[in-house]
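Numbering (my numbering), first residue to last: 8 to 279. Heads up, the beta-carbon is just placed ideally off N, CA and C, and yes, glycines get one too.
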Amino acid sequence: MAVIGELFGGVGLLGQGLRLWATSPRLMLLGAVPALVVGAVFVAALVGVGLAADDVARAVTPFADDWPEWSRGLVRLGGGLAVAALAVLLAVVAFTAVTLLVGDPFYERIWRRVEQRAGDAPADLDRGFWRGLARSAGDSLRLLLATAGVGVLLFVGGFVPVLGQTVVPVLGALTGGWFLTVELTGYAFDARGRSLADRRRGLAVNRARTLGLGTATYLLFFVPLGAVLVMPAAVAAATLLAREVTTGPTAAPSVGPTGPTAGPTGDYHPPA
């Protein structure tokens, strides 16, 4: 029951983020613009993948060419769904990373507004743009590679009858939600001097709450225009989650080269 409560607690954080549409509509509209532009590109790419899914399914299942028609069709249906699921998983995480990079000034303002309203906001830190951009892109690439690794396993599982059409999609949503939240919490963790490894470790300690927020956001991305409306709210919600993770009783310490550190460093960079 405690785990379920934490899952719904994560969903509740997204609800708090969505309320910013009522209290700060202009700021949220600014955050929606990058999501709209980047989202249009990714939707077009996903449509292309969907159109090619059958051909890809045939290409990866040559062993089924001589099977009876019903079994060949079943395996290739699973293969097509697996291709689509893998493309969607990678697209959602990549969309989030690219949108945060493109809309960095807007999302940073949303993050800062939430920090100031919640109180005890981290101090503004000087950052080098190019150095920060390089580190942010590097972190995003690492997360995308990790997503791809898990996605390939889910892709293979998609060929298993029944399991591939039931359990695998659920695991895909949970996986997408996890990596999505790791991306979105970058502002708050980075401002406190926490590395990507610290971020993942801290969120792992609060896994149920993290999955609640991330999975709800992931699923809402599939609603028409959902990603556009939810993206700025998700940044706000992720900020609240990061504050809980870094200041709560289960907060994981930041581990630097010489051991645990409690405060921010001057090496601030945009989120992964």
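8 Å Cβ cutoff met for R199 and P129: The sequence position of residue 199 within the sequence shown is 192, counting from 1. The sequence position of residue 129 within the sequence shown is 122, counting from 1. A contact, by the Cβ cut-off of 8 Å.
Between which two residues does the alpha helix (DSSP H) carrying P32 extend? The residue labelled residue 32 in the question sits at position 25 within the sequence shown. Residues P32 to V67.
Indicate the three-state DSSP secondary structure (helix, strand or coil) for F70 in the structure shown. Numbered from 1 along the sequence shown, position 63 holds the residue referred to as residue 70. In the structure shown, F70 sits in a helix (DSSP, three-state: H, G or I).
Is it true that the CB of E115 sits closer than 8 Å to the CB of Y194? The count along the sequence shown starts at 1 and reaches residue 194 at position 187. The count along the sequence shown starts at 1 and reaches residue 115 at position 108. Yes.
Roughly how many whole angstroms lie between the Cα atoms of G38 and L81? Locating residue 38 in the sequence shown gives position 31, counting from the first residue. Locating residue 81 in the sequence shown gives position 74, counting from the first residue. Taking the straight line joining both Cα atoms gives about 43 Å.
Endpoints, the alpha helix (DSSP H) within which S78 is located: On the sequence shown, position 71 is the one that residue 78 refers to. Looking at the DSSP string, the run of the alpha helix (DSSP H) that includes S78 is E76 to V109.
To the nearest angstrom, report how far apart V157 and L88 are at their CA atoms. Start at 1 with the first residue of the sequence shown, and residue 157 comes out as number 150. Start at 1 with the first residue of the sequence shown, and residue 88 comes out as number 81. Their backbone Cα atoms lie some 16 Å apart in a straight line.
Nearest-angstrom Cβ-Cβ length linking A64 and R83, presumed shorter than 8 Å: What you label residue 64 is simply residue 57 of the sequence shown in a count that begins at 1. What you label residue 83 is simply residue 76 of the sequence shown in a count that begins at 1. Contact between A64 and R83 holds: CB atoms are separated by about 5 Å, below the 8 Å threshold.
Write down the C-beta distance between A245 and L191 rounded to the nearest angstrom, noting that I regard them as a contact closer than 8 Å. Numbered from its first residue, the sequence shown carries residue 245 at position 238. Numbered from its first residue, the sequence shown carries residue 191 at position 184. Under the criterion of beta carbons closer than 8 Å, A245 and L191 qualify as touching, at roughly 4 Å.
Tell me, please, whether the region 205-216 touches the region 167-176 by the rule of three or more beta-carbon pairs shorter than 8 Å. no
Going by DSSP, what residue range makes up the alpha helix (DSSP H) through T253? Here the question's residue 253 lines up with position 246 in the sequence shown. Counting along the chain, the alpha helix (DSSP H) containing T253 begins and ends at G233 to T254.
Whole runs of the alpha helix (DSSP H) within the region 169-208, excluding any shorter than 4 residues: 170-191 and 193-198
Could you compute how far the alpha carbon of A60 sits from the alpha carbon of V45? Here the question's residue 60 lines up with position 53 in the sequence shown. Here the question's residue 45 lines up with position 38 in the sequence shown. Looking at the two C-alpha atoms, the distance is approximately 23 Å.
Under the three-state reduction of DSSP, which class applies to A128: helix, strand or coil? By 1-based counting over the sequence shown, the position of residue 128 is 121. If DSSP states are grouped into helix, strand and coil, A128 belongs with coil.
Do you know offhand how far V163's Cα is from T222's? Position 156 of the sequence shown, counted from the first residue, corresponds to residue 163. Position 215 of the sequence shown, counted from the first residue, corresponds to residue 222. About 22 Å.
Under the assumption that G16 contacts A241 (Cβ atoms under 8 Å), give the Cβ distance between them as a whole number of angstroms. Along the sequence shown, read from residue 1 onward, the residue named residue 16 stands at position 9. Along the sequence shown, read from residue 1 onward, the residue named residue 241 stands at position 234. Contact doesn't hold; Cβ gap of about 15 Å is too wide.
Between L151, V40 and L178, which lies nearest to F186 when the distance is taken from Cα to Cα? Your numbering for residue 186 matches position 179 in the sequence shown. Comparing C-alpha distances from F186 to each of L151, V40 and L178 shows the shortest one belongs to L151.
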